[in-house]
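Engineer: For the sequence shown, this note's numbering assigns the number 17 to the initial residue and increments by one for each residue that follows. Glycine included, every Cβ here is placed at the ideal spot set by N, Cα and C. To start, I am sharing the structure in question, which I have written as structure tokens.
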Amino acid sequence: LHVYDMLGRRVATLVDGLQQAATYTVTFDASRLASGVYLYRLETPHQSFTKQMMLIK
Numbered sequence: 017l018h019v020y021d022m023l024g025r026r027v028a029t030l031v032d033g034l035q036q037a038a039t040y041t042v043t044f045d046a047s048r049l050a051s052g053v054y055l056y057r058l059e060t061p062h063q064s065f066t067k068q069m070m071l072i073k
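This is how it looks when you write it as structure tokens:
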């Protein structure tokens, strides 16, 4: 699970590597990031998901 800025630069890695199928909770410390729009991307062996989020401080 990675977070990217709108220029496509990776700004955070929240989870790296394979995980067992389950429900997980991840804490994201965005204290060093500026307010703005970011993308987060989750990749599985069979598909990937990219969603947008707004960080407001």
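Candidates Gln-63, His-62, Arg-57, Pro-61: which alpha carbon is nearest Met-69's?
Structural biologist: Position 53 of the sequence shown, counted from the start, is the residue given in the question as residue 69. Of the listed residues, the one whose Cα sits closest to Met-69 is Arg-57.
Engineer: Measuring only the C-alpha atoms, how far is Leu-85 from Val-53?
Structural biologist: A question about residue 85 goes unanswered here, because the residues of the chain that appear run from 17 up to 73.
Engineer: Beta strand (DSSP E) containing Gln-68: first to last residue?
Structural biologist: Within the sequence shown, numbered from 1, the residue matching residue 68 stands at position 52. Gln-68 -> beta strand (DSSP E) spans 64-71.
Engineer: Ignore the nearest five residues each way along the sequence and tell me which others in Thr-29's own chain have a CB closer than 7 Å to its CB.
Structural biologist: Stepping through the sequence shown from its first residue, residue 29 is reached at position 13. Excluding sequence neighbours, Thr-29 sits near His-18.
Engineer: Quick one: residues in its chain with C-beta nearer than 7 Å to the C-beta of Val-31, no 5 flanking neighbours on either side, listed in chain order?
Structural biologist: As a working mapping, residue 31 is identified with position 15 in the sequence shown. The residues are Leu-17, Val-42.
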